[in-house]
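The next block holds one structure in the form of structure tokens; read it before the comments.
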Amino acid sequence: MISVSQLTKVYGQTLAVDHISFDVPKGQIVGFLGPNGAGKSTTLRILTCYMPPTSGGATINGLDIFHQSVQVRQNLGYLPENVPLYTEMRVEEYLDFRGRLRKMDRETRRKRIDYVLNRCWLTNVRRRIIGHLSKGYRQRVGLADALLHDPAVLILDEPTVGLDPTQIRESRKLIKDLGGDHTIMLSTHILPEVEAVCDRAIVIAGGKIVAQGTPDELRSSRRMQARVLVECRGPAKEVETALSRVSGVHKVELLNGERGGDGKDGHYVTAALRPKDGYDVREEAARTIIQHGWPLREVRLEHATLEEFFVQVTANQAVASGTGILPVS
Amino acid sequence: MPVPRMTRAPVIARRELGSYFFSPMAYVAMFLFLLASGLFFWNDFQPGQPVGMRSIFDWMVWLLVFVTPVLCMGLLAQEWASGTIETLMTAPVGEPDVVLGKFMGSLAFLLVLLAPTLLFVVMLMLYGDVDFGPIFSGYLGIVLVGALFIAIGLFCSSLTRSQVVAAVTAAAILFLVTIIPWWLGTRATLTGFWRGVADESIFRRYTDFSKGVIDTGNLVFFIAATAVFLFLTVKVLESRRWK
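So the sequence lines, in the order shown, correspond to chains A and B. Quick note: the first sequence uses the working numbering, first residue -19, plus one each step. Quick note: the second sequence uses the working numbering, first residue 883, plus one each step.
Encoded structure:
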């Protein structure tokens, strides 16, 4: 449904998007994930025909974004970042204007406006002035506009930024419901959003695609392993040595966070064990700690989070390109 | 192959005209314009004065030099600043549709602005014998000058995100092309190049209309100049693609 090949955008001296290619099949919800300034918005603006690429191309619904721009835009609903709207208009009036721009006749406009108002829970504010609405409602007005002409493809640029937690949940639910009928591409830098909403994630950093796959695939990719956290009261050095002798343990790190300490004066030590592949070291680790007589408070298996994955891949990218974010150890 | 399609300009024009009635600036500009033209009319509306509107029409051009920049400042600057240009240009409309729509919306507001001055004509009819020819040509002239000024204002508004910058730039350009040549024209000793500038000026061309002369050359001049600025505005809108 969306097919991008070798897309590149250069602004002056800056390479914003660097030869990216990907495909999105019909009905899929794809999360476009990356830190701020990674090239997400630029890519989406190119796909929506707001600006042309420097080189490379893309097709939406089989239509070329450059040569068939008008037809592409007819098949596309776009919610730009920060949801720009004409604040002096009323909700219904705005949607009517957008419908006229899209050459919908009176009857279709009436039906579709009722439908999108209902779908985006806007019916009770339909006669309110947009400027008087809260951020959450404005976001929905933007989404209603994007849905108005029942487009095959929806492109949403950071659709949940600036919403409160309840509104975020509602928006995600709405987006998820829309998948299937519409092919959706949404950008975000919030990881739980991808896990909650998307069928697939494309991770972009420094203008390049650094990873893609389902949230599960990304989490279980080779770079990422589970770790076991052991919290006990004992001398830090000895705890570390004892735990590193447990069979199946690849590496031990002491975590010095708010829960970390040196084991003296009744402070607790937290050690993170990286097990070798296929080992579950929890029982053995617990036994070792008890044998040494150190009071044990917690043994917990921690699955790799998408967040960790994200930090790793984007930090690697930043280091490789010599810019931006410091790597997080 | 480009698909033939009807322009969406009237839809945009309608929205633009509607949004004027939500903007306090437009009301202020309208109030000041009508107040000032009313005062000039009152000044002329005396026994023994000619039954005509020539001097009021001439004053109106001066007023428009300051009123149109205010009316046009938000047309595109506001779209850039708020980002609505992105929703607008990603709808299936072309840049010429947008520019033409904005222009038509402003021109319609100008007509709304001028409509109450028709009362002056009614008052003249009550108290004297009116020659409608020069009044018609005067209104035609003021609409043509207004259209050109709006095109210039729209062009300035397309260049910046700041409405203030747009208004000041437009006012400066209008001052430069209207009032300076007029002032030059008042120097009797002027010759050569500068005499030429004064003779070809907007204001000089306009006074033909207020005198009751509809000269094809003047008509063509105003329409062509308006078209040039609209064309330039389309190019500025398209320029985001070249970056």
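Quick reminder that beta carbons are idealized off the backbone N, C-alpha and C, glycines included.
Please classify residue i: is it buried, with 16 or more other beta-carbons within 10 angstroms of its beta-carbon, or exposed?
i	result
Gly1068(B)	One point to set straight first is that residue 1068(B) is Thr, not Gly, in the sequence displayed. It is exposed - the Cβ of Thr1068(B) has fewer than 16 other Cβ atoms within 10 Å.
Arg207(A)	buried
Val(-16)(A)	buried
Met1159(B)	The structure shown does not extend to residue 1159(B), since chain B is modelled only from 883 to 1125, so the question has no answer here.
Gly283(A)	Inspection of the sequence shows that residue 283(A) is occupied by His rather than by Gly. So His283(A) counts as exposed.
Lys(-11)(A)	buried
Val293(A)	buried
His162(A)	buried
Trp924(B)	exposed
Arg78(A)	buried
Gly57(A)	buried
Thr1060(B)	buried
Ile217(A)	Going by the sequence as given, residue 217(A) is Lys instead of Ile. By the neighbour-count rule (16 or more Cβ atoms within 10 Å), Lys217(A) is not buried but exposed.
Ala997(B)	exposed
Arg213(A)	buried
Asn98(A)	exposed
Lys20(A)	buried
Glu961(B)	buried
Ser49(A)	buried
Asp137(A)	buried
Ser35(A)	exposed
Ile1105(B)	exposed
For a contact meaning CB atoms closer than 7 Å, what does residue i contact in chain A?
i	result
Glu968(B)	Tyr30, Pro60, Pro64
Met971(B)	Tyr30
Phe904(B)	Glu68
Ser964(B)	Pro64
Arg897(B)	Phe77
I want to verify the contact list: residues of chain A whose CB lies under 8 Å from the CB of residue i, in sequence order.
i	result
Ser901(B)	Tyr66, Glu68, Met69
Arg890(B)	Arg80, Leu81, Lys83
Val893(B)	Phe77, Arg80, Leu81
Arg1123(B)	Met31, Pro32
Using a cut-off of 8 Å between C-beta atoms, extract the partners of residue i located in chain B.
i	result
Gln54(A)	Pro974
Applying a beta-carbon distance threshold of less than 7 Å, which residues of chain B neighbour residue i?
i	result
Val293(A)	Residues of chain B passing the Cβ test: none, with the nearest at roughly 29 Å.
For the candidate residues the options, whose alpha-carbon lies nearest to that of residue i?
i	options	result
Val291(A)	Leu198(A), Thr250(A), Glu150(A), Ile270(A)	Leu198(A)
Ile1032(B)	Ile1055(B), Asp1013(B), Gly1015(B), Phe1018(B)	Ile1055(B)
Met955(B)	Phe915(B), Val1059(B), Tyr902(B)	Tyr902(B)
Gln119(A)	His129(A), Asp130(A), Val96(A)	Val96(A)
Leu223(A)	Asp196(A), Val190(A), Ile40(A), Leu253(A)	Leu253(A)
Gln51(A)	Leu65(A), Lys83(A), Ser21(A)	Lys83(A)
Leu(-5)(A)	Thr23(A), Val10(A), Phe2(A), Gly7(A)	Thr23(A)
Pro15(A)	Ser167(A), Ile110(A), Arg180(A), Glu211(A)	Ser167(A)
Pro892(B)	Val1004(B), Phe1037(B), Leu989(B)	Leu989(B)
Ile18(A)	His169(A), Tyr30(A), Leu235(A)	As written in the sequence, residue 18(A) is Ala, which differs from the Ile given in the question. The candidate whose alpha carbon is nearest that of Ala18(A) is His169(A).
Leu1000(B)	Val1050(B), Phe1037(B), Phe939(B), Ala1029(B)	Phe939(B)
Arg107(A)	Leu158(A), Glu72(A), Val261(A)	Glu72(A)
Val981(B)	Phe1075(B), Ile894(B), Gln928(B)	Ile894(B)
Ala1049(B)	Pro932(B), Phe904(B), Leu946(B), Arg897(B)	Leu946(B)
Ser1019(B)	Phe1091(B), Gln931(B), Phe1085(B)	Phe1091(B)
Leu127(A)	Leu158(A), Pro139(A), Glu138(A), Asp137(A)	Leu158(A)
Arg180(A)	Ala191(A), Leu171(A), Pro195(A), Ile189(A)	Pro195(A)
Glu211(A)	Gln192(A), Ala191(A), Val232(A)	Val232(A)
Thr969(B)	Gly258(A), Gly193(A), Ile135(A), Leu171(A)	Ile135(A)
Pro1063(B)	Thr1073(B), Ser1083(B), Asp1097(B), Ala908(B)	Ser1083(B)
Interface residues of chain A around residue i at Cβ under 9 Å?
i	result
Phe991(B)	The contacting residues do not exist; Phe991(B) stays about 14 Å from chain A at best.
Ser1044(B)	None at all; the shortest Cβ gap to chain A is about 17 Å.
Pull the bridge partners of residue i from the DSSP assignment, please.
i	result
Glu211(A)	Thr250(A), Glu278(A)
Arg152(A)	Bridge partners of Arg152(A): none, in fact.
Leu171(A)	Paired residue(s): none; Leu171(A) is not in a bridge.
Tyr58(A)	Ile135(A)
Leu992(B)	DSSP output for Leu992(B) lists no bridge partner at all.
Gln192(A)	Ile182(A)
Ser(-15)(A)	Gly37(A)
Ile9(A)	Ile164(A)
Gly159(A)	His162(A)
Tyr(-9)(A)	Thr(-6)(A)
Ile0(A)	Leu(-13)(A)
Lys231(A)	Arg254(A)
Asp44(A)	Thr39(A)
Chain B partners of residue i, CB-CB under 9 Å?
i	result
Val133(A)	Within 9 Å Cβ-Cβ: nothing; Val133(A) doesn't reach chain B, min ~12 Å.
> With a cut-off of 8 Å, do at least 3 Cβ pairs link the region 1072 to 1079 of chain B to the region 971 to 989 of chain B?
Replying inline: Segments in contact, no.
>> Closer than 8 Å is the cut-off here; do at least three beta carbon pairs connect the region 111 to 118 of chain A with the region 134 to 150 of chain A?
In response: With the cut-off at 8 Å, the region 111 to 118 of chain A and the region 134 to 150 of chain A touch.
> Just checking, does the region 259 to 266 of chain A make contact with the region 224 to 231 of chain A on the three C-beta pairs under 8 Å criterion?
Replying inline: They touch, by the three-pair rule.
> Quick check: the region 60 to 70 of chain A against the region -6 to 10 of chain A, are there 3 or more CB pairs under 8 Å?
Replying inline: Counting C-beta pairs closer than 8 Å gives fewer than three between the region 60 to 70 of chain A and the region -6 to 10 of chain A, which falls short of the contact rule.
>> Taking contact to mean 3 or more Cβ pairs, one atom from each stretch, closer than 8 Å, check whether the region 1005 to 1013 of chain B and the region 905 to 921 of chain B are in contact.
In response: Taking 8 Å as the limit for Cβ pairs, the verdict is that the region 905 to 921 of chain B does not touch the region 1005 to 1013 of chain B.
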